[in-house]
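Residue numbers (this note's numbering): 140 to 604.
Beta carbons are placed, not taken as given, at the ideal position from N, Cα and C, and that holds for glycine.
All of these numbers come straight from a predicted model, not from anything done at the bench.
Notes for the one structure printed next.
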């Protein structure tokens, strides 16, 4: 009997022990941490942060930079000055690299994963940086206000952090991304003054380079401001004008400024129309012009000549009336266009004489072309174009180099009534010619040649005396 009781007790204890040890002990899942374990990261958004050089941190939860771009603390900083998990010499990093030495950005409250190869991670974190025109930007590139706001996008794939032992022994991260909009520490400014840019590059016509000086012209953006000093506004675009020509000011680093609706000086008006975001202002010039009835009249009435030169300053202010940006230019010449009908030389010369205070233009009033290159032959010998000179018988987009050189393809200006694809008479005569040979200048490229048929009809334009 004693033996039976002893056997029963032994069996009961064994069963009880087996029941107790077969229950799995639930602990804590491993986690990523970037502050020495003070906080655990349990979702992918936890590693999509950036920090500035002054220690300010931005996370997806605190990111409102699409409305209010992040401003870097110091001028002259590059994206290498913005802290993030992606190293400065790469555009991506494997999450497994974050948990290895020397980073060791992980933790497990149960002590799991401490053995050799006891923890591993899958997934990747990548970086994309583009400027406001979606051009890719290098990590070491210094930010400029004219290319801002930049978009800094951090993207993570699905991933897992897993220890060899422990229950639970893994944490999962879903794919995610966030974009930070970043501005440099620069004052707002006018970045470009952009007229029509057609025929302003070296890619539109094979072998023809319409580009101006690199310090003066950008093929996509237009003219680069040459001076912010009112005493030197005459160095800026435009120096020539005609009724209903227009250009756009490209504003960097400012939003919703207050601009004057109109500025009038000496018979010329500049009308300003900012866009809805405040990043651009359309400037339209209006002034003396010939009416359609005057175009066809051989003895048209006098047309007023504006007072020239005339200085314009365009000022954008904030809501408190403080000046934020300004742009100035000086008009030195005003042109009267005779519309889209064509006339012979004598008719055009007479028409310019009748409207008073105007004359037929010289070649240099319209273009900076020279007689060389693939568009040149004996019919351009002797032309005298504006300075700085082009490299061939076509204009190059430089400030002060003539009406067509400054404004580009004239037929693209709505309501300015310039002709398309033909020449304009000038008063310049070919050298050493017995018969009268007068040069014509094309408005869609600045090509110059003389005509020996004065009865030939082309477009007409006059320039202020």
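- In the three-state reduction of the DSSP assignment, residue 496 falls in the coil class, being assigned neither a helical nor a strand state.
- The closest CA to that of residue 384, considering only 393, 411, 368, 392, is found on 411.
- Nearest to residue 195 by alpha-carbon distance, out of 209, 183, 186, is 209.
- Beyond the five residues adjoining it in sequence on each side, residue 391 comes within less than 7 angstroms, by CB distance, of 284, 285, 287, 327, 328, 330 in the same chain, given in chain order.
- Residue 204 and residue 291 have their C-alpha atoms roughly 11 angstroms apart.
- Residue 405 places its beta carbon 8 angstroms or farther from that of residue 452.
- The Cβ neighbour count for residue 185, taken over all protein chains shown within 10 Å, is at least 16; the residue is labelled buried.
- If you ignore the 5 residues before and after residue 462, its C-beta comes within less than 7 angstroms of the C-beta of 454, 456, all in its own chain and listed in chain order.
- Residue 545 counts as buried, since no fewer than 16 other beta carbons sit within 10 angstroms of its beta carbon.
- Residues 184 of the same chain have their beta carbon placed closer than 8 angstroms to that of residue 200, with the five preceding and five following residues left out of the count.
- Separation of the CB atoms of residue 426 and residue 380 is rounded to 7 angstroms, and the pair is thereby assigned contact status at 8 angstroms.
- For the pair residue 491 and residue 270, the Cα-to-Cα distance works out to about 49 angstroms.
- Counting every other CB atom within 10 Å of its CB across the protein chains shown gives residue 464 a total of 16 or more, marking it as buried.
- When only Cα atoms are considered, residue 198 and residue 245 end up about 19 angstroms apart.
- For the pair residue 534 and residue 506, the CB atoms are nearer than the 8 angstroms cut-off.
- Remark: C-beta atoms of residue 301 and residue 259 approach each other more closely than 8 angstroms.
- Non-local beta-carbon contacts of residue 549 in its own chain, meaning distances under 6 angstroms to residues more than five positions away in sequence, involve 557, 582 in chain order.
- In the three-state reduction of the DSSP assignment, residue 569 falls in the coil class, being assigned neither a helical nor a strand state.
- Nearest Cα to residue 442 within the set 434, 553, 568: 434.
- At least 8 angstroms separates the beta-carbon of residue 519 from that of residue 422.
- Residue 399 counts as exposed, since fewer than 16 other beta carbons sit within 10 angstroms of its beta carbon.
- In the three-state reduction of the DSSP assignment, residue 341 falls in the coil class, being assigned neither a helical nor a strand state.
- Residue ranges of uninterrupted beta strand (DSSP E) with 3 or more members, entirely inside the stretch 262-287 and ordered along the chain, are 263-269.
- Nearest Cα to residue 554 within the set 594, 515, 428, 377: 428.
- Following the DSSP letters along the chain, one finds residue 503 inside the alpha helix (DSSP H) bounded by residues 502-505.
- Apart from sequence neighbours up to five positions away, the residues of its chain that approach residue 279 with a beta-carbon distance below 8 angstroms are 217, 218, 219, 227, ordered along the chain.
- Under the DSSP definition of a beta bridge, residue 200 lacks any partner.
- Around the beta carbon of residue 495, fewer than 16 other beta carbons sit within 10 angstroms, so the residue counts as exposed.
- Between residue 344 and residue 358, the alpha-carbon positions lie close to 14 angstroms from each other.
- Look at the stretch 383-410 and you find these whole runs of beta strand (DSSP E), each 3 residues long or longer: 384-391, 401-404.
- Assignment of beta-bridge partners to residue 294 by DSSP yields 265, 316.
- For residue 590, there is no enclosing alpha helix (DSSP H); the enclosing beta strand (DSSP E) has its first and last residue at 587-590.
- The three-state reading of DSSP puts residue 219 in helix, counting H, G and I together.
- Distance between residue 475 and residue 365, taken at the CA atoms: about 27 angstroms.
- For the set 551, 527, 170, 575, the Cα lying nearest the Cα of residue 355 is the one of 527.
- Between residue 510 and residue 501, the alpha-carbon positions lie close to 15 angstroms from each other.
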